[in-house]
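Here's the structure we're looking at; comments come further down.
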Amino acid sequence: MNNYSLLIGIISFIVGFAIAYWVSRKVISQKAKSAEIEAQRILNDANYKSETVLKEADLKVKDKLFTMKSDFDAETRETRVELKSKERRLMQKEENIDRKFDQYEKREKELFKKEKNIAQRAEDVLSSEKEYNRLIEEQKKQLEKISDLTAAQAKELLIRAMENEARHEGAKLIKRIENETHEEADKRAKKIMATAIQRYAGDYVAERTVSVVQLPGDEMKGRIIGREGRNIRALEAATGIDLIIDDTPEAVILSGFNPVRREIARISLMRLISDGRIHPARIEEVVKKVEQEVDATIKEAGEQAAFELGVHGIHNELIKYIGRLKFRTSYAQNVLQHSVEVGFLCGVMASELGLNSKLARRMGLLHDIGKAIDHEVEGPHAIIGSKLAQKNNESANVVNAIAAHHEDVPPSSPYDLLVQAADSLSGARPGARKELLENYVKRLEDLEGIANAFKGVTNTYAIQAGRELRVIVESGTITDEDATLLSRDVAKKIEESLTFPGQIKVTVIRETRAVEYANK
3 MNNYSLLIGI ISFIVGFAIA YWVSRKVISQ KAKSAEIEAQ RILNDANYKS
53 ETVLKEADLK VKDKLFTMKS DFDAETRETR VELKSKERRL MQKEENIDRK
103 FDQYEKREKE LFKKEKNIAQ RAEDVLSSEK EYNRLIEEQK KQLEKISDLT
153 AAQAKELLIR AMENEARHEG AKLIKRIENE THEEADKRAK KIMATAIQRY
203 AGDYVAERTV SVVQLPGDEM KGRIIGREGR NIRALEAATG IDLIIDDTPE
253 AVILSGFNPV RREIARISLM RLISDGRIHP ARIEEVVKKV EQEVDATIKE
303 AGEQAAFELG VHGIHNELIK YIGRLKFRTS YAQNVLQHSV EVGFLCGVMA
353 SELGLNSKLA RRMGLLHDIG KAIDHEVEGP HAIIGSKLAQ KNNESANVVN
403 AIAAHHEDVP PSSPYDLLVQ AADSLSGARP GARKELLENY VKRLEDLEGI
453 ANAFKGVTNT YAIQAGRELR VIVESGTITD EDATLLSRDV AKKIEESLTF
503 PGQIKVTVIR ETRAVEYANK
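Now the structure itself:
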């Protein structure tokens, strides 16, 4: 539309210019006629003038006419040149428009052909898909005949191969995550699991949370129960311990997690049986008296432990908590005896290192103080003990040693490491936890045997009294990812096959050596 408007404008310009040219010529002609008439009049009026004036006037008129004609011719030439140039441009634009129109027509034809081709191809794809499905079915049947495998069996083999590949990729992912994760997080998770297993393991709970009181005869069970059960209810309310009276001949079972209260209940029940007077008032009187005696025994046990280690100035509350450890066991090991032993070991090692042996013994004695109340307070016993020590005005070094002896907090002094080492020595040495030497050696052999059964393992070493298993593998057979999987598989196999206290650390070592000799 713009091109047509331009063309119309140019044509209008040319027509206007022609009209102007004609008008100007007409005006000039009229002027010439007027001039001739005026000249004739002048000539007629100036008959008396000289011929020279007449010639000059005539020359001036001719010169003027020539000048006007020259200017008009020049203007006309310029206009023609400009019009020709515009005409050429218009012709070029028309040619371009015609060319583009032809291209559009060609494209339209090509698009129409392509639409037809696409429709044809869609039909071909549908037919090819049908043929493909038919060939797939035939191929499946041929494969089943050749391999003697059904589609389900082949699918199972494929799934197994994919599972192995996914397992390998999973090992890579696990290794990357483990490298990115802080080591302390893994240790803390394992400790939480170990603590939960320790506190709530069925065999341990059954063995270490009950006491058995022998009766002179089965008729005593009725007297303990009392009329409508008032005696047994009074005894349970006073002691906080459950009494289990079942078909066990001449025995009553006391069940409870608090070892001190269980001991109070045991002594109270034995005194009531020997006295013979069993009724609610008597029960409350005996239980109160026994509580005082047990408190005195607890304090005496705590003072005796501090005296044996030569540790003085411990707060009376902490002395009581130390004494309560006499009635606390951990994996059949008496915690008070264990704490005294750790104190001695810390003192010996501190003396060898030139450190303060008295401070080290103090840390060793108090390191498990949290176990006196860990059944009453949530959290790791190391943190509970550190808070308890801080509350009773122990120094910052002692508080940190208690909190760090299981690496719940980072060690801050050599004393923290001494407490860790002494705790491991006391708990892991053969016989510390009522384990026969034969069973101890057999457990180490079983640990090494489990790891040796895996492919690619060259040597295994059970160290730290069986708390750590180091597995050395062939670097050409086991990759880094396989080593991660192997450590998990070995740990899982140990959990399934063996019964052990605490946790066992499995370390897989893969070493690559490059050896070359320089010769002259």
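Residues 3 to 522 (the numbering used here) are what the sequence shown spells out, left to right. All residues carry an ideal CB built from backbone N, CA and C; glycine is no exception.
Review point. What number of angstroms, rounded off, separates the C-alpha of leucine 85 from the C-alpha of aspartate 104?
Key: As a working mapping, residue 85 is identified with position 83 in the sequence shown. As a working mapping, residue 104 is identified with position 102 in the sequence shown. Cα to Cα, leucine 85 sits roughly 28 angstroms from aspartate 104.
**Study point:** Rounded separation between tyrosine 202 and alanine 168 - CA only
**Key:** Residue 202 sits at position 200 when you count from the first residue of the sequence shown. Residue 168 sits at position 166 when you count from the first residue of the sequence shown. A caution first: tyrosine 202 carries a pLDDT of 33, below 50, which makes its placement in the model too unreliable to give a value.
**Study point:** Assigned secondary structure, asparagine 461 (DSSP; H/G/I helix, E/B strand, else coil)
**Key:** Start at 1 with the first residue of the sequence shown, and residue 461 comes out as number 459. Asparagine 461: strand per DSSP, three-state reduction.
Review point. Residue ranges of each alpha helix (DSSP H) run of no fewer than 4 residues wholly in the region 361-394, ordered along the chain?
Key: 383-393
Practice item. Would you list the residues sitting across from glutamate 470 in a DSSP beta bridge? Key: Within the sequence shown, residue 470 is the residue found at index 468, counting from 1. Glutamate 470 pairs with Ile465, Lys507.
Check your understanding: Does the separation of the CB atoms of leucine 367 and valine 313 fall below 8 angstroms?
Key -> Counting from 1 along the sequence shown, the entry for residue 367 is found at position 365. Counting from 1 along the sequence shown, the entry for residue 313 is found at position 311. Cβ distance < 8 angstroms, so leucine 367 and valine 313 count as in contact.
Check your understanding: Taking buried to mean at least 16 other C-beta atoms within 10 Å of its own C-beta, is methionine 164 buried or exposed?
Key -> In the sequence shown, the residue the question calls residue 164 occupies position 162. Result: exposed.
Check your understanding: Does the Cβ-Cβ distance between isoleucine 269 and serine 257 come in under 8 angstroms?
Key -> As a first step, residue 269 is located in the sequence shown; it is residue number 267 there, counting from the start. As a first step, residue 257 is located in the sequence shown; it is residue number 255 there, counting from the start. Going by C-beta atoms, isoleucine 269 is not nearer than 8 angstroms to serine 257.
Exercise for review: With DSSP as the reference, label isoleucine 194 as helix, strand or coil.
Suggested key: One-based indexing of the sequence shown puts residue 194 at position 192. Model confidence at isoleucine 194 stands at a pLDDT of 44, short of 50, so the residue's coordinates are unreliable and nothing is read from them.
Review point. Excluding sequence positions up to five away, which residues of its chain have a Cβ less than 8 angstroms from the Cβ of isoleucine 44?
Key: The residue labelled residue 44 in the question sits at position 42 within the sequence shown. So the qualifying residues of the chain are Ala59.
Review point. With which residues is valine 254 paired in a DSSP beta bridge?
Key: Position 252 of the sequence shown, counted from the first residue, corresponds to residue 254. Val215.
Review point. Taking the C-alpha atoms as reference points, what is the distance between glutamate 470 and alanine 493?
Key: The residue given as residue 470 occupies position 468 in the sequence shown. The residue given as residue 493 occupies position 491 in the sequence shown. Their backbone Cα atoms lie some 11 angstroms apart in a straight line.
Check your understanding: For threonine 241, which three-state DSSP category applies?
Key -> Locating residue 241 in the sequence shown gives position 239, where the first residue counts as 1. Helix.
Check your understanding: In chain order, what residues of the same chain lie with their CB nearer than 7 angstroms to the CB of serine 428, ignoring the 5 residues before and after it?
Key -> Within the sequence shown, numbered from 1, the residue matching residue 428 stands at position 426. Same-chain partners within the cutoff: His340, Glu343, Val344, Leu347, Ala434.
Exercise for review: Could you tell me the distance, in whole angstroms, from the CA atom of valine 459 to the CA atom of glutamate 518?
Suggested key: The residue you call residue 459 lines up with position 457 of the sequence shown. The residue you call residue 518 lines up with position 516 of the sequence shown. So the two alpha carbons sit approximately 26 angstroms from each other.
Point to revise | Beta-bridge partners of asparagine 336, as assigned by DSSP | key: Residue numbering aside, residue 336 sits at position 334 when the sequence shown is read from its first letter. In DSSP, asparagine 336 forms a bridge with Thr331.
Check your understanding: From what residue to what residue does the alpha helix (DSSP H) around isoleucine 484 run?
Key -> Working through the sequence shown from its first residue, we reach residue 484 at position 482. According to the sequence provided, residue 484 is aspartate. The question's isoleucine does not apply to it. Counting along the chain, the alpha helix (DSSP H) containing aspartate 484 begins and ends at 482-499.
Review point. Secondary structure at arginine 79, three-state DSSP: helix, strand or coil?
Key: Against the sequence shown, residue 79 aligns to sequence position 77. Helix.
Review point. Among the residues of its own chain, which have a CB less than 7 angstroms from the CB of threonine 514, if the five just before and after it don't count?
Key: Here residue 514 corresponds to residue number 512 of the sequence shown, with the count starting at 1. Within the same chain, threonine 514 has close Cβ partners Ser477.
Check your understanding: Thinking C-beta only, is glycine 242 closer than 8 angstroms to isoleucine 260?
Key -> As a position in the sequence shown, residue 260 is number 258, starting the count at 1. As a position in the sequence shown, residue 242 is number 240, starting the count at 1. Going by the sequence as given, residue 260 is asparagine instead of isoleucine. The answer is yes: Cβ separation under 8 angstroms.
Review point. CA-CA distance, lysine 301 and arginine 472?
Key: Working through the sequence shown from its first residue, we reach residue 301 at position 299. Working through the sequence shown from its first residue, we reach residue 472 at position 470. Each residue's alpha carbon lies about 44 angstroms from the other.
Point to revise | Outcome for isoleucine 321 when other beta-carbon atoms lying within 10 angstroms are tallied against a minimum of 16 | key: Translated into positions along the sequence shown, residue 321 becomes position 319. Buried is the call here.
Exercise for review: Measure the beta-carbon distance from histidine 407 to glutamine 392 and round it to whole angstroms, keeping in mind my assumption that it falls under 8 angstroms.
Suggested key: Mapped onto the sequence shown, residue 407 falls at position 405. Mapped onto the sequence shown, residue 392 falls at position 390. About 15 angstroms separates the two Cβ atoms, so there is no contact after all.
Practice item. Quick one: residues in its chain with C-beta nearer than 6 angstroms to the C-beta of glutamine 200, no 5 flanking neighbours on either side, listed in chain order? Key: For the purposes of this step, residue 200 is identified with residue 198 of the sequence shown, where counting begins at 1. Only weak support is given to the placement of glutamine 200: the predicted model assigns it a pLDDT of 49, under 50, and the value that follows is read from those uncertain coordinates. Once the five neighbours on either side are set aside, glutamine 200 has no close Cβ partner at all.
Point to revise | C-alpha distance - isoleucine 12 paired with isoleucine 39, whole-angstrom precision | key: Within the sequence shown, the letter at position 10 stands for residue 12. Within the sequence shown, the letter at position 37 stands for residue 39. Near 40 angstroms, if we compare the C-alpha coordinates of isoleucine 39 and isoleucine 12.
Review point. Can you give the Cα-Cα distance for alanine 34 and lysine 95, rounded to whole angstroms?
Key: Against the sequence shown, residue 34 aligns to sequence position 32. Against the sequence shown, residue 95 aligns to sequence position 93. Computed Cα separation, rounded: 44 angstroms.
Check your understanding: In terms of DSSP beta bridges, what is valine 475 paired with?
Key -> Translated into the one-based positions of the sequence shown, residue 475 becomes position 473. Note: valine 475 sits in a beta bridge opposite Val459, Arg512.
Check your understanding: Are alanine 352 and isoleucine 285 touching if we call contact CB-CB under 8 angstroms?
Key -> What you label residue 352 is simply residue 350 of the sequence shown in a count that begins at 1. What you label residue 285 is simply residue 283 of the sequence shown in a count that begins at 1. No, they are not a contact pair.
Review point. When the Cβ atoms of the region 325-334 are set against those of the region 395-407, are three or more pairs found closer than 8 angstroms?
Key: no
Review point. Can you pull the DSSP bridge partners for isoleucine 246?
Key: If you number the sequence shown from 1, residue 246 lands on position 244. DSSP output for isoleucine 246 lists Ile255 as bridge partner(s).
Exercise for review: Compare the C-alpha of isoleucine 371 against each of Ala362, Ser359, Val401 and name the closest.
Suggested key: The sequence position of residue 371 within the sequence shown is 369, counting from 1. It is Val401.
Review point. Going along the chain, which residues of its own chain have a beta-carbon closer than 8 angstroms to the beta-carbon of glutamate 498, five neighbours each way excluded?
Key: Working through the sequence shown from its first residue, we reach residue 498 at position 496. Here the set comprises nothing.
**Study point:** serine 388 and isoleucine 404 closer than 8 angstroms at C-beta
**Key:** On the sequence shown, residue 388 is found 386 positions in, with the first residue counted as 1. On the sequence shown, residue 404 is found 402 positions in, with the first residue counted as 1. Closer than 8 angstroms, so yes.
Check your understanding: Around the Cβ of aspartate 376, are there at least 16 other Cβ atoms within 10 angstroms (buried) or fewer (exposed)?
Key -> Locating residue 376 in the sequence shown gives position 374, where the first residue counts as 1. By the neighbour-count rule (16 or more Cβ atoms within 10 Å), aspartate 376 is buried.
Practice item. Please report the Cβ distance between threonine 486 and alanine 173, rounded to the nearest whole angstrom; I am assuming they are in contact, meaning their Cβ atoms lie under 8 angstroms. Key: Within the sequence shown, the letter at position 484 stands for residue 486. Within the sequence shown, the letter at position 171 stands for residue 173. 5 angstroms between Cβ atoms; contact.
Exercise for review: Quick one: residues in its chain with C-beta nearer than 6 angstroms to the C-beta of leucine 311, no 5 flanking neighbours on either side, listed in chain order?
Suggested key: As a first step, residue 311 must be located in the sequence shown, where it is residue number 309. Gly345, Arg363, Leu367, listed in sequence order.
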